[in-house]
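K.L.:
Have a look at this one before I ask anything.
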Amino acid sequence: MIIASNFKTNHTRSSTKDFVGAVNEYLKSNRSSEVYVFPTATSLDNFDLQDNLHLGAQNAYPTISGSFTGEIGTSQLDEFNIKTILIGHSERRHVLNESNESIVSKYKYYMELGYKIIYCIGEPLEVKNQGLEKTLEYVYSQLDGIDTTYDNLILAYEPVWAIGTGVTATNDDIINIHNAIKKDIDRPLLYGGSVKLSNVVEICSLENVDGALIGTASWNKDDFIQIIELTKDIK
Ligand code: 13P
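Residue numbers (my numbering): 330 to 564.
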C-alpha cells in the first residue's frame, strides 16, 4: 500500500516537524506501507527519515530558479533533498486555475529530472452526473500529454466532488474508474476524496486500489499513524 498525506494549507513548520517526527518514530518500529507526506512549501526541511517515509512538495514551478513570484523551483527543493512532487491536484486545477497545458509541462520537467510524481486526475460533479463513459473521457483527457509509462509515476484518482466534502465515492464508483485505468496503465493508482479512519480499510481493500491520498483525515498525526497501521497488511 501507499499512504499519502496532503497537508494542503495546513500545519506550521513547527507542527510539521512534530507530525513528521511522530510518523517517523512509528515507522522505526513498525513494518508498513510506503508513506508520503506533502507539507506546505514553508515547512519543507531536512528530516532524517526512515526509507519508506518520503517528504514531497505540493507544487513547484518547472524551473531551477528565476523570476516567478510566489513559486519555488528545484534549487529550493534541492536544499531539502525533495525528490517527490504532487502534480495536477484538483485544487490547483479548479481553484487556482492551473491549465492542463501548464500541468503537462510541469510533469515533463519533473519527469526528466527523475522525480517521483503523484499525478492527480478526477472529474467534477457535473461530469460524473453524465455517467461513466463521460467520466472516463474526462479523466483520460487529463492524461493527454502525460507519459504514463514513467517508472516513477503514481496516479491518484480524486473525484473533485469527493474532496473535502465528506462525500466519499461509492465502492462501485472507485472500482469502475480504477479497473478501467489499470487496464491501460500499469502504475500504482491511489484513491483520494474523503478517505478517513472509518473507510480507509474498505477502500484500500478494493481491487486495483493501491493506496490512498488523504487530506482532512490525515492532518492529525495520531489518526494518520492509525491509518498507516490499519492498512499495513492490505495487499
Ligand atoms: P480530503 O481527504 O480532505 O477529501 O482531500 C483529499 C485530497 O485532496 C488529497 O489530495
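Note that beta-carbon positions come from the ideal geometry of N, C-alpha and C, so glycine has one too. No experiment lies behind these values; they were computed from the predicted model shown.
For residue 362, count neighbouring C-beta atoms within 10 Å of its own C-beta (all shown protein chains included) and say buried if the count is 16 or more, exposed if not.
P.N.:
The residue you call residue 362 lines up with position 33 of the sequence shown. By the 16-neighbour rule on beta-carbons within 10 angstroms, residue 362 is buried.
K.L.:
Could you name the residues of the same chain whose beta carbon sits closer than 7 Å to that of residue 419, not counting the 5 residues immediately before and after it, in chain order?
P.N.:
The count along the sequence shown starts at 1 and reaches residue 419 at position 90. Excluding positions up to five away in sequence, the list reads 449, 451, 487, 489 and 492.
K.L.:
Could you spell out the range, first to last residue, of the beta strand (DSSP E) harbouring residue 294?
P.N.:
Only positions 330 to 564 of the chain appear in the structure, and residue 294 is not among them; the question remains open.
K.L.:
So which residues touch the region around the ligand 13P, with touch meaning a C-beta under 6 Å from any heavy atom?
P.N.:
Applying a distance threshold of 6 Å between residue Cβ atoms and the heavy atoms of the ligand 13P selects 335, 418, 487, 492, 493, 521, 522, 523, 524, 542, 543, 544, 545 and 546, given in chain order.
K.L.:
Report yes or no: do three or more beta-carbon pairs, one from the segment 509–528 and one from the segment 536–554, lie closer than 8 Å?
P.N.:
yes
K.L.:
Considering just the uninterrupted stretch of the beta strand (DSSP E) at residue 383, what are its terminal residues?
P.N.:
In the sequence shown, the residue the question calls residue 383 occupies position 54. Per DSSP, residue 383 belongs to the beta strand (DSSP E) from 382–384.
K.L.:
Just to confirm, are residue 346 and residue 374 a CB contact at a threshold of 8 Å?
P.N.:
On the sequence shown, position 17 is the one that residue 346 refers to. On the sequence shown, position 45 is the one that residue 374 refers to. Taking 8 Å as the Cβ cut-off, residue 346 and residue 374 qualify as a contacting pair.
K.L.:
Suppose you measure from the CA of residue 430 to the CA of residue 436; what does that come to, to the nearest Å?
P.N.:
Along the sequence shown, read from residue 1 onward, the residue named residue 430 stands at position 101. Along the sequence shown, read from residue 1 onward, the residue named residue 436 stands at position 107. Roughly 10 Å between the two C-alpha positions.
K.L.:
Do residue 336 and residue 368 have their C-beta atoms closer together than 8 Å?
P.N.:
As a working note, residue 336 is residue 7 in the sequence shown. As a working note, residue 368 is residue 39 in the sequence shown. Cβ distance < 8 Å, so residue 336 and residue 368 count as in contact.
K.L.:
Taking 8 Å as the cut-off, decide whether the C-beta atoms of residue 385 and residue 413 are in contact.
P.N.:
If you number the sequence shown from 1, residue 385 lands on position 56. If you number the sequence shown from 1, residue 413 lands on position 84. Yes, they are a contact pair.
K.L.:
Residue 348 to residue 396, Cα distance in whole Å?
P.N.:
The residue labelled residue 348 in the question sits at position 19 within the sequence shown. The residue labelled residue 396 in the question sits at position 67 within the sequence shown. Using only the alpha carbons, I get a separation of about 32 Å.
K.L.:
Would you mind sorting residue 564 into buried or exposed? The rule is 16 or more other CB atoms within 10 Å of its CB.
P.N.:
Along the sequence shown, read from residue 1 onward, the residue named residue 564 stands at position 235. So residue 564 ends up on the exposed side.
K.L.:
Pull the bridge partners of residue 366 from the DSSP assignment, please.
P.N.:
Residue numbering aside, residue 366 sits at position 37 when the sequence shown is read from its first letter. Answer is 334 and 384.
K.L.:
Return the Cβ separation of residue 365 and residue 383 in integer angstroms, given the expectation that the two are a contact with Cβ distance under 8 Å.
P.N.:
One-based indexing of the sequence shown puts residue 365 at position 36. One-based indexing of the sequence shown puts residue 383 at position 54. At roughly 5 Å, the Cβ-Cβ gap stays under 8 Å, so residue 365 and residue 383 are in contact.
K.L.:
Out of curiosity, what's the CA-to-CA distance linking residue 532 and residue 525?
P.N.:
The count along the sequence shown starts at 1 and reaches residue 532 at position 203. The count along the sequence shown starts at 1 and reaches residue 525 at position 196. Taking the straight line from one Cα to the other gives about 10 Å.
K.L.:
Taking residue 424 as the reference, which of 453, 443, 445 and 399 has the closest Cα?
P.N.:
One-based indexing of the sequence shown puts residue 424 at position 95. Closest option to residue 424, Cα to Cα, is 453.
K.L.:
Cβ atoms of residue 543 and residue 334: under 8 Å apart, would you say?
P.N.:
Within the sequence shown, the letter at position 5 stands for residue 334. Within the sequence shown, the letter at position 214 stands for residue 543. Contact: yes.
K.L.:
For residue 478 and residue 462, I'd like the C-alpha separation in whole angstroms.
P.N.:
Position 149 of the sequence shown, counted from the start, is the residue given in the question as residue 478. Position 133 of the sequence shown, counted from the start, is the residue given in the question as residue 462. So the two alpha carbons sit approximately 23 Å from each other.
K.L.:
Looking at the structure shown, is residue 350 part of a helix, part of a strand, or coil, going by DSSP?
P.N.:
What you label residue 350 is simply residue 21 of the sequence shown in a count that begins at 1. Helix, per DSSP.
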